[in-house]
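With my numbering applied, the sequence shown corresponds to residues 2 to 290, in that order.
Reviewing the structure listed below.
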Amino acid sequence: MHIEARFYETYELCAVVDAVLTNRFDHLIKLEGFTCDDQWVAWVQPYTQYSVFHQFIEFIVRNVHDEQAEAVDMAERKGVEAAFADIPAALDDLKPEKLPIEAAFDRYGIDYQSFGEFLGDSGRRFQNADEDDIYEFMNEIRLSEAYVKLLDQMVKEVFHVLFQNRSLLLTFNEYISDILSNACLVDTEDLDLSRFISGGVLRRVRPPVWAQRAVFFRDRGRCVLCDQDLSGLTNLANVENYDHIVPLSRFGLNDVSNLQLLCESCNQHEKRDGSAVTSNRYQSWYRYD
2 MHIEARFYET
12 YELCAVVDAV
22 LTNRFDHLIK
32 LEGFTCDDQW
42 VAWVQPYTQY
52 SVFHQFIEFI
62 VRNVHDEQAE
72 AVDMAERKGV
82 EAAFADIPAA
92 LDDLKPEKLP
102 IEAAFDRYGI
112 DYQSFGEFLG
122 DSGRRFQNAD
132 EDDIYEFMNE
142 IRLSEAYVKL
152 LDQMVKEVFH
162 VLFQNRSLLL
172 TFNEYISDIL
182 SNACLVDTED
192 LDLSRFISGG
202 VLRRVRPPVW
212 AQRAVFFRDR
222 GRCVLCDQDL
232 SGLTNLANVE
242 NYDHIVPLSR
252 FGLNDVSNLQ
262 LLCESCNQHE
272 KRDGSAVTSN
282 RYQSWYRYD
């Protein structure tokens, strides 16, 4: 069970996810695209492997790709092509006709229709193209199998990095809980009300083994609050040790991104008031002098 990571723009995308979540007020308009049309209905399904956090990362990645395309200055790129028309080696290096999304496809070795091929299909050339052509090209790309493959790879790489950041997962799940706490369950289409108890709170669902394993190994088999070694004191089947970072009582999710490993004492005492709590303590790869 591996991902073949290329880490193309992965850390830049991680920074965008962090910036949006930690400064939500500055991104309210953008975030409407993630919450509109009762999209929260799909989030209440418990423990999907393509978690709600995956879905949020995908939303961010799509937005970044759109913003990169919108930022392309066609006049500038045409100027570069004209300036180096007599120096083919320079044009091969600069590639003014290649859009940002194409660089991503190339890095991951995914076959796709290039912008130049897209223009050629309609009898146009790069020198005659404009921003509308980029817009139409991106519309086609979004519907392509190649883009589905690209998104899947990039989202999983970003998740692989950020799943280790419990503080950010706390921030994300607090954001989600804010949305769910204001959601209207009455007359909402496709909503399975059996997943809820009173007050719009989700029923507790036992984490599946794959989620338990992911959290156990991420947290190195130690309580994230007191650092007690649990590797020899518990087993993966002891669900009492798998704590919701944002409690269900506070509109938390049954989602792998909302789980952490706690010892029995911390689970019963440190979180007895139902607080959303985690720690910034992480086990070092090795001891520093």
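Backbone N, C-alpha and C define an ideal beta-carbon position, used for all residues, glycine too.
These numbers were taken from a predicted model, which means no experiment stands behind them.
Of S168, L92, L100 and V65, the smallest CA-CA separation from L226 is found for S168. For the options E5, D39 and H66, the alpha carbon positioned closest to that of V17 is the one of H66. Judged by DSSP in its simplified three-state form, D244 adopts strand. Where Q154 is concerned, there is no enclosing beta strand (DSSP E), although the alpha helix (DSSP H) around it starts and stops at E146 to L163. G121 and E132 have their C-alpha atoms spaced approximately 16 Å apart. When DSSP states are grouped into helix, strand and coil, L231 belongs to the coil group. The shortest C-alpha to C-alpha distance from Q213 to any of E10, Q50, D27 and F8 is the one to Q50. When C-alpha distances from E68 are compared across K31, A84 and F57, the shortest belongs to K31.
The way I'd put it, the stretch 158–172 does touch the stretch 6–13; three or more beta-carbon pairs between them come closer than 8 Å.
Within 10 angstroms of the beta-carbon of D256 lie 16 or more other beta-carbons, which makes it buried. Take R196, set aside five residues on each side of it, and the residues of its chain with a beta-carbon closer than 7 Å to its own are V45, L203 and R204, in chain order.
Annotation for Q261: the continuous beta strand (DSSP E) segment containing it runs L260 to L262.
The straight-line gap separating the alpha-carbon atoms of Y283 and Q229 is approximately 12 Å. Taking E146 as reference, the option from D27, I61 and I111 with the minimal CA-CA separation is I111. Between I102 and A70, the alpha-carbon positions lie close to 8 Å from each other. For the 8 Å CB-CB criterion, E77 and F127 do not form a contact.
Residue state for F85 is assigned as coil, using DSSP reduced to three classes.
Approximately 5 Å separates the beta-carbon atoms of S258 and S52; this is inside 8 Å, confirming the contact.
Ranked by how close their Cα comes to the Cα of C15, the residues D38, G34, C37 and H55 have H55 in first place. When DSSP assignments are scanned along the stretch 187–223, the uninterrupted stretches of alpha helix (DSSP H) that are 4 or more residues long and fall wholly within it turn out to be 210–219.
Under the three-state reduction of DSSP output, Y12 falls in the helix class. Cβ neighbours of F252 within its own chain (closer than 6 Å, five residues either side excluded): S178, L181 and S182. Ranked by Cα distance from G222, the first of G201, E190 and Q261 is Q261. Look at G124 here: in three-state DSSP terms it is coil, with no helix or strand label. When the beta-carbon positions are compared, T23 and T172 come within less than 8 Å of each other. In this structure, S266 is the residue among L254, A72, I198 and S266 with its C-alpha nearest to the C-alpha of C224. Secondary structure at K96: coil, using DSSP grouped into helix, strand and coil. Residues of the same chain with a CB within less than 7 Å of the CB of A130, apart from the 5 flanking positions on each side, are M75 and L120 in chain order.
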